[in-house]
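Everything below concerns the one structure shown next.
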Ligand SMILES: Cc1cc2nc3c(=O)[nH]c(=O)nc-3n(C[C@H](O)[C@H](O)[C@H](O)COP(=O)(O)OP(=O)(O)OC[C@H]3O[C@@H](n4cnc5c(N)ncnc54)[C@H](O)[C@@H]3O)c2cc1C
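Residue numbers (this note's numbering): 458 to 929.
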């Protein structure tokens with residue numbers, strides 16, 4: 458590639474903090490609240506104008522598999538507060554002891570406003586519309602980050618940086634070793650999951666749609682249906698989507714339907730970090746969405762007067778980069794429910810995989826530990842990963858990138874960052890027992906070793922029953 462010289466210049470320091478959290482998705486929310494609640498100055502740098510990450514910018518307003526026996530601490534606070542503020546739309550977590558295999562849905566707008574309040578209450582400093590564009594790195598030690606915002610380019614200095622960007626943006630841009638592909642098994646090795654999205658339709662007559670579904674049980678099962686409609690539209694060249702059926706959620710807000718099930722598969726050599734692939738994916742997803750909307754509006758009773766209410770700010774780029782940590786969480790760890798001495802969070806999530814050929818597979822696993830070493834960069838000091846940036850192979854990543862494990866690894870990263878900043882040690886040197894005890898003291902679930910047999914037994918039964926059910 459041809460190059461030009463960018464002139465060197467002094468960059469003003471915008472602020473100094475103990476902990477800098479880059480990215481305000483579920484992982485960044487967990488990290489920021491944990492860090493500030495542990496008594497250190499904490500700043501969140503977020504590219505868009507609200508917290509929530511994909512939960513709000515991409516309308517992934519679902520906490521899957523919430524189970525207070527598995528996750529605890531900040532995620533419990535967040536869900537309880539959402540409940541208090543009337544922001545929960547489907548409260549699976551409250552209906553059963555745990556909500557394994559069900560989802561807790563919430564209202565993105567209530568969530569955004571509530572998170573602003575929670576951050577203010579915890580004394581977290583927020584910088585919205587601000588992008589972390591690089592790291593200030595001396596040898597292998599991070600001293601802060603460079604940011605760009607409407608006021609210009611600045612530096613933020615800090616003792617520990619949590620990269621919760623969902624794509625290891627800070628690590629990648631600071632030439633910290635990252636992983637992407639090549640850690641999968643079998644034919645998926647070296648491949649990437651594609652991009653995805655959801656969209657909302659308003660003006661829906663839900664009663665009419667429900668009646669239609671009831672009268673057509675051969676076509677509709679719960680959320681899934683419209684099979685012959687899709688087959689015919691595909692044959693006529695009127696449908697641009699990869700699924701054989703439609704997925705339509707109603708009952709979240711009156712008159713609103715949420716449509717999902719879109720995928721832009723990535724062929725070999727195409728990636729979520731290549732801007733031309735990203736642009737092509739955006740355009741293709743929009744085509745999928747509009748052909749789906751036209752199909753629904755023109756053919757399904759209840760949608761005659763509907764319109765597209767909302768699409769995403771960013772689609773889901775399922776896997777881009779993640780930090781290469783001191784340990785790579787592996788496929789066998791999550792299937793066997795492995796315990797680790799340095800565990801900092803537990804996950805009950807299985808791999809949710811969108812394959813290169815458009816197939817979608819969800820696999821059930823056992824509750825498993827996430828070791829602290831998956832959060833600690835193998836080479837760079839003062840850098841911690843959280844959420845979708847943790848060090849994991851293809852399958853473990855496909856599971857633990859989800860919202861609940863992301864918020865829990867965020868809580869662990871924020872707590873570790875605060876302790877390291879307070880004790881003036883690098884996160885790598887932090888006493889793991891101190892971290893685990895601090896997390897336990899703040900309500901987090903730290904390891905499967907702490908779980909009662911009754912909880913693990915229940916999951917074991919589910920695992921045995923579902924382990925061969927792959928396709929969803
Ligand atoms: C359509 C869709 C459906 C989904 N369904 C579910 C579901 O049902 N259940 C579930 O649990 N999960 C679901 N997910 C996945 C889930 O949303 C993600 O796995 C989760 O949000 C990851 O959390 P995170 O905090 O690690 O990253 P993200 O949510 O990606 O957050 C990262 C944040 O960092 C910001 N950022 C990125 N780079 C920078 C930078 N350089 N500087 C500043 N800020 C930056 C981004 O703007 C973003 O706010 C879905 C996702 C999508 C899009």
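From the three backbone atoms N, C-alpha and C, an ideal C-beta is built for every residue, glycine too.
None of the values given here were measured: they were computed from a predicted structure.
For this session: Helix, strand or coil for residue 586, going by three-state DSSP, please let me know.
Result: Within the chain shown, numbered from 1, the residue matching residue 586 stands at position 129. Note: residue 586 maps to coil in three-state DSSP.
Exercise. CB of residue 858 to nearest heavy atom of ligand 1: below 6 Å?
Worked result: Start at 1 with the first residue of the chain shown, and residue 858 comes out as number 401. Residue 858 Cβ: within cutoff of ligand 1.
For this session: Alpha carbon to alpha carbon, how far is residue 607 from residue 863? Give it in angstroms, no decimals.
Result: On the chain shown, residue 863 is found 406 positions in, with the first residue counted as 1. On the chain shown, residue 607 is found 150 positions in, with the first residue counted as 1. Cα to Cα, the separation comes out at about 29 Å.
Exercise. Going along the chain, which residues of its own chain have a beta-carbon closer than 7 Å to the beta-carbon of residue 854, five neighbours each way excluded?
Worked result: Taking the first residue of the chain shown as position 1, residue 854 is located at position 397. Closer than 7 Å at Cβ, skipping near neighbours: 776, 779.
Exercise. From what residue to what residue does the beta strand (DSSP E) around residue 520 run?
Worked result: Locating residue 520 in the chain shown gives position 63, where the first residue counts as 1. Where residue 520 is concerned, the enclosing beta strand (DSSP E) stretches over 519-521.
Exercise. For residue 468, does the three-state DSSP call read helix, strand or coil?
Worked result: Here residue 468 refers to the residue found at position 11 when the chain shown is read from its first residue. Residue state, collapsed to three classes: coil.
Problem set entry | Bridge partners - residue 777, DSSP secondary structure assignment | Counting from one through the chain shown, the residue named residue 777 turns up at place 320. Note: residue 777 sits in no beta bridge, so no partner.
For this session: May I have the straight-line CA-CA distance separating residue 450 from residue 508, to the nearest angstrom?
Result: What is shown of the chain runs 458 to 929, which leaves residue 450 out entirely.
Problem set entry | Short Cβ contact (7 Å threshold) for residue 489 with residue 470 | By 1-based counting over the chain shown, the position of residue 489 is 32. By 1-based counting over the chain shown, the position of residue 470 is 13. Note that the C-beta distance between residue 489 and residue 470 is not below 7 Å.
For this session: Could you tell me the distance, in whole angstroms, from the CA atom of residue 556 to the CA atom of residue 523?
Result: As a first step, residue 556 is located in the chain shown; it is residue number 99 there, counting from the start. As a first step, residue 523 is located in the chain shown; it is residue number 66 there, counting from the start. At residue 556 the pLDDT is 44, less than 50, meaning the model places this residue with poor confidence and gives no usable figure here.
Exercise. Quick one: what's residue 591 bridged to in DSSP?
Worked result: Here residue 591 refers to the residue found at position 134 when the chain shown is read from its first residue. Residue 591 is bridged to 603.
Problem set entry | C-alpha gap between residue 644 and residue 725, whole angstroms | If you number the chain shown from 1, residue 644 lands on position 187. If you number the chain shown from 1, residue 725 lands on position 268. Reliability of the predicted coordinates at residue 644 is poor, the pLDDT of 45 falling under 50, and no value is obtained from them.
Exercise. Are there three or more Cβ pairs, one per stretch, closer than 8 Å when the region 708-718 is compared with the region 779-794?
Worked result: no
For this session: Name the residue from 850, 510, 633 whose alpha carbon lies nearest to the alpha carbon of residue 585.
Result: Sequence index remark: in the chain shown, residue 585 carries index 128 (1-based). Of 850, 510, 633, the residue nearest in Cα terms is 510.
For this session: Locate the beta strand (DSSP E) running through residue 828, then write down its first and last residues.
Result: Start at 1 with the first residue of the chain shown, and residue 828 comes out as number 371. 825-828 is the span of the beta strand (DSSP E), which, as asked, contains residue 828.
Exercise. Roughly how many whole angstroms lie between the Cα atoms of residue 848 and residue 672?
Worked result: Against the chain shown, residue 848 aligns to sequence position 391. Against the chain shown, residue 672 aligns to sequence position 215. Each residue's Cα considered, the two are about 48 Å apart.
Exercise. Anyone know if the C-beta pair for residue 599 and residue 887 falls short of 7 Å?
Worked result: Taking the first residue of the chain shown as position 1, residue 599 is located at position 142. Taking the first residue of the chain shown as position 1, residue 887 is located at position 430. No. Outside cutoff.
For this session: Assign residue 458 to one of three DSSP states: helix, strand, or coil.
Result: Counted from its first residue, the chain shown places residue 458 at position 1. Note: residue 458 maps to coil in three-state DSSP.
For this session: State the beta-bridge partners of residue 615 as determined by DSSP.
Result: Here residue 615 corresponds to residue number 158 of the chain shown, with the count starting at 1. In DSSP, residue 615 forms a bridge with 474.
For this session: Mind reading off the beta-carbon distance from residue 838 to residue 797? Whole number of angstroms is fine, and I expect it under 8 Å.
Result: Here residue 838 is taken as the residue at index 381 of the chain shown, counted from 1. Here residue 797 is taken as the residue at index 340 of the chain shown, counted from 1. Incorrect: roughly 22 Å between the Cβ atoms, too far for contact.
Exercise. Residue 492 and residue 476: beta carbons closer than 7 Å?
Worked result: Numbered from its first residue, the chain shown carries residue 492 at position 35. Numbered from its first residue, the chain shown carries residue 476 at position 19. Taking 7 Å as the Cβ cut-off, residue 492 and residue 476 qualify as a contacting pair.
Exercise. So residue 857 is in the alpha helix (DSSP H); what residue range does that whole segment cover?
Worked result: Translated into the one-based positions of the chain shown, residue 857 becomes position 400. Looking at the DSSP string, the run of the alpha helix (DSSP H) that includes residue 857 is 851-857.
Exercise. Less than 7 Å separating the beta-carbons of residue 802 and residue 865?
Worked result: Stepping through the chain shown from its first residue, residue 802 is reached at position 345. Stepping through the chain shown from its first residue, residue 865 is reached at position 408. For residue 802 and residue 865, yes; Cβs fall inside 7 Å.
Exercise. Using the rule of at least 16 other Cβ atoms within 10 Å of the residue's Cβ for burial, across every protein chain shown, is residue 642 buried or exposed?
Worked result: As a position in the chain shown, residue 642 is number 185, starting the count at 1. Low confidence applies to residue 642: its pLDDT is 44, below 50, so where it sits in the model is not reliable, and the reading given next is rough at best. Counting other Cβ atoms within 10 Å of its Cβ, residue 642 stays below 16 and is therefore classed as exposed.
For this session: Please confirm whether any heavy atom of ligand 1 lies closer than 6 Å to the CB of residue 874.
Result: As a first step, residue 874 is located in the chain shown; it is residue number 417 there, counting from the start. Checking every heavy atom of ligand 1 against the Cβ of residue 874, none is found closer than 6 Å.
For this session: From the DSSP output, in three-state form, read off residue 491 for me.
Result: Reading the chain shown from its first residue, position 34 is the one you call residue 491. In the structure shown, residue 491 sits in a helix (DSSP, three-state: H, G or I).
Exercise. Quick one: what's residue 610 bridged to in DSSP?
Worked result: For the purposes of this step, residue 610 is identified with residue 153 of the chain shown, where counting begins at 1. Paired residues: 605.
For this session: Would you check if the distance between the CB atom of residue 499 and the CB atom of residue 617 is smaller than 7 Å?
Result: Here residue 499 refers to the residue found at position 42 when the chain shown is read from its first residue. Here residue 617 refers to the residue found at position 160 when the chain shown is read from its first residue. Going by C-beta atoms, residue 499 is not nearer than 7 Å to residue 617.
For this session: With hydrogens ignored, establish whether the beta-carbon of residue 505 is closer than 6 Å to any heavy atom of ligand 1.
Result: Looking up residue 505 in the chain shown gives position 48. Checking every heavy atom of ligand 1 against the Cβ of residue 505, one is found closer than 6 Å.
For this session: Let me know the secondary structure DSSP gives residue 505 once reduced to three states.
Result: Mapped onto the chain shown, residue 505 falls at position 48. Coil at residue 505, not helix or strand.
Problem set entry | Three-state class that DSSP yields for residue 784 in the structure shown | Your numbering for residue 784 matches position 327 in the chain shown. Residue 784: coil per DSSP, three-state reduction.
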